[in-house]
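Residues in the sequence shown are numbered consecutively from 54, following the numbering used here.
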Amino acid sequence: MIRIMASNGKSVTAKVVDECDSMHGCDEAHAYQQPCNNKIIYGSNAVWSALELNKEKGIEDVSWSMA
Numbered sequence: 054m055i056r057i058m059a060s061n062g063k064s065v066t067a068k069v070v071d072e073c074d075s076m077h078g079c080d081e082a083h084a085y086q087q088p089c090n091n092k093i094i095y096g097s098n099a100v101w102s103a104l105e106l107n108k109e110k111g112i113e114d115v116s117w118s119m120a
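What follows is the structure, given as structure tokens:
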């Protein structure tokens, strides 16, 4: 579990269900997926709602820590 904090002061605890393990990607070992960006968190609709963020914006600055 991680604690995600938005710049508006809202926070939520979320379960990590997957993580990107490749900064290289695009090879057979990584299913030819694009490389991952650094410091990216993809959140469910529930996370966006709990943080009261505008999902239409697509990208928001947040911080996180181990919960």
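C-beta atoms are modelled at their ideal positions from N, C-alpha and C, and glycine is treated no differently.
Asked	Found
Sheet register partners of S118 (DSSP bridge)	R56
Contacts around S116, its chain only, beta-carbon distance under 8 Å, and the 5 residues preceding and following it disregarded	I57, M58
Same chain, Cβ closer than 8 Å to N61, five either side skipped, listed in chain order	L104, E105, L106
CA nearest to the CA of S64, picked from E72, P88, I55	I55
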